[in-house]
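Below you'll find the structure, written out as structure tokens, and then a few comments.
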Amino acid sequence: MSMKPFWFAAGPTGNAGVLVRLGAIGAVMLGAAGAFAYAGGWLSPARLTQDKMMAAFKDANGVHAGFRRNHAKGVCVTGWFESSGQAAALSKAQVFGPGRVPVVGRFALAGGMPFQPDKPATVRSMALRFLPPGGEEWRTGMNNIPVFPVNSARDFYDQLLASSPDPRTGKPDPAKMKAFLATHPEAARALALIKQRQVTSGFANSTFNSLDAFRFVNAAGASVPVRWSTVPVQAVTADSAEPAAAGDKNYLFDDLIAQIAQHPLQWRLIVTIGEAGDPTNDATLPWPADRRQVDAGTVTIDHASSEDNGRCTDVNYDPLVLPSGIEPSDDPLLSARSAVYARSFTLRAGEAHEKPPSAVTVKDVQAGGNS
Ligand code: HEM
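In the numbering used here, the protein residues as written are 5 to 375.
Written out as structure tokens, the structure is:
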């Protein structure tokens, strides 16, 4: 009995069979090429891709080689996280066990303009990379707003287009944003909440929120929905528009660096636990104010340096870099963020040789004395 490969055994034989088989191989190859084309968005002009998102950032902000496509103006910081042990019952992540882990962070202003002047109402961000021994690291990017303006990548894209300068006037067309908000009532509601927030005097006394929901999973496998925030230990004082009005372009960053030079800055890492029915897939919606909160520990920041020589520059604060014990929720923004941050990282890393110095050009500043 002759042995034939199984895919041959059932097929036609002779020349006709060879042709059929070649045809089948061609069809498979065409199918594969088609799949790549589809994944690249070439066959589906309406499909949102990483490249389209990058193009929208470019239209909105111009070209700034070597910088992050969003949150472009920033400064690197380092410090540590000291766990309180209180979140360990909710999550088996190593960072919540006893002890300290090093942290590499970045404070930034939202928007893709690396030289924009600091203004009180511009969204501020804190990004953190927790580095426990063993490599189970955790990265998170948080903003000082209570909810996110949109709940999908498509809406983020459409909002970016609606806020981009009109090529004829060089300014955004208010009618476009009006039309976007008229068709996105959830964005209009979220922006109203964002406007009502208390804006503080600086980065050091801002609260930063994950906005996206995640899930904590404990050693027994129990999973709960969570959102987290870093809440300042520093006294909260209201913002003053004076430095911005006086033309002090970097006043928020300069204040932050001056404070770090004097003493370490601290934030409590507060975890809010969602209950049944709390939305986990919609970052425009707040959770009820009475949800249980756990104080997971303290983030201490004691060192600042320019991005140009800092440890945060080559970090992509991808929200899906999670240790075991923290999992993504069903929020569609998470995978969109992950994909877009990766493309932004690839572009800026490839442009590093063209990058001009960052706006915030501080040398190493260490709390209690320059290093
Ligand atoms: C809950 C919603 C979001 C939050 C809390 C958030 C927060 C942040 C933060 C904190 C950073 C700065 C990270 C750093 O300092 O390196 C950042 C960067 C960025 N964000 Fe978002 N973001 C959100 C949604 C989005 C969405 C929907 C998009 C677009 C689809 C987007 C695009 C970007 C890009 C391109 C960067 C630069 C990434 C890099 O080059 O490293 N973000 N975001």
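Yeah, the Cβ is synthetic: ideal placement off N, Cα and C, and Gly gets one too.
Sequence-distant residues of the same chain with beta carbon closer than 6 Å to residue i, five excluded per side
{"i": "V108", "result": "T82, R133, R315, C316"}
{"i": "T365", "result": "S310"}
{"i": "Q270", "result": "V237, T302, T304"}
{"i": "D282", "result": "W291"}
{"i": "G18", "result": "Residue confidence is low: G18 scores 40 on pLDDT, short of 50, so the model does not pin down where it sits. Its coordinate-derived value is still stated next. Excluding residues within five positions, none has a Cβ falling inside 6 Å."}
{"i": "A217", "result": "P229, R231, T284, S333, D335"}
{"i": "K123", "result": "A248"}
{"i": "G44", "result": "Low per-residue confidence applies at G44: pLDDT is 48, beneath 50, and the placement is therefore not dependable, though the value from the model is reported in the following sentence. Answer for G44: no residue qualifies."}
{"i": "Q2", "result": "Residue coverage of the chain in this structure runs from 5 to 375, which leaves residue 2 outside it and unanswerable."}
Helix, strand or coil at residue i [DSSP, three-state]
{"i": "E279", "result": "coil"}
{"i": "Q120", "result": "coil"}
{"i": "N313", "result": "coil"}
{"i": "F152", "result": "coil"}
{"i": "T284", "result": "coil"}
{"i": "N320", "result": "coil"}
{"i": "F207", "result": "coil"}
{"i": "T350", "result": "helix"}
{"i": "A212", "result": "In the sequence as presented, Ala is not what sits at residue 212; that position holds Phe. Reduced to three states, the DSSP call for F212 is strand."}
{"i": "Q263", "result": "helix"}
{"i": "N65", "result": "helix"}
{"i": "T144", "result": "strand"}
{"i": "P178", "result": "helix"}
Identified DSSP bridge partners for residue i
{"i": "P361", "result": "Paired residues: none, contrary to the question."}
{"i": "I305", "result": "G83, L269"}
{"i": "E331", "result": "R219"}
{"i": "R110", "result": "C80, A131"}
{"i": "I274", "result": "S233, D299"}
{"i": "A242", "result": "T204"}
{"i": "S227", "result": "V221"}
{"i": "R104", "result": "E86"}
{"i": "V369", "result": "A308"}
Contact test: residue i Cβ vs the ligand PLP heavy atom, cutoff 7 Å
{"i": "S227", "result": "Among the ligands in the structure shown, the ligand PLP does not appear; only the ligand HEM can be found there."}
Own chain residues within Cβ distance below 8 Å of residue i, not counting five before or after
{"i": "P361", "result": "S310, D312"}
{"i": "R128", "result": "F111, A112, L113, A114, N147, N148, F207, S210, F212, L256"}
{"i": "C80", "result": "V108, G109, R110, A308, S309, S310, E311, G314, R315, C316, T317"}
Close Cβ partners of residue i (< 7 Å) along its chain, the five nearest in sequence each way excluded
{"i": "T204", "result": "S210, V240, T241, A242, D243"}
{"i": "Q263", "result": "A208, L269"}
{"i": "E358", "result": "A69, G70"}
{"i": "S88", "result": "D299, A300, G301"}
* Between the stretch 231-251 and the stretch 51-64, do at least 3 Cβ pairs fall closer than 8 Å? -> Cβ pair count under 8 Å is below three, so no.
* Asked: Are at least three pairs of beta-carbons, each pair with one atom in the stretch 341-348 and one in the stretch 50-60, less than 8 Å apart?
  -> yes
* When the Cβ atoms of the stretch 318-329 are set against those of the stretch 96-105, are three or more pairs found closer than 8 Å? -> yes
* Asked: Using 8 Å as the threshold, is the stretch 300-309 in touch with the stretch 167-181, meaning 3 or more CB pairs across them?
  -> no
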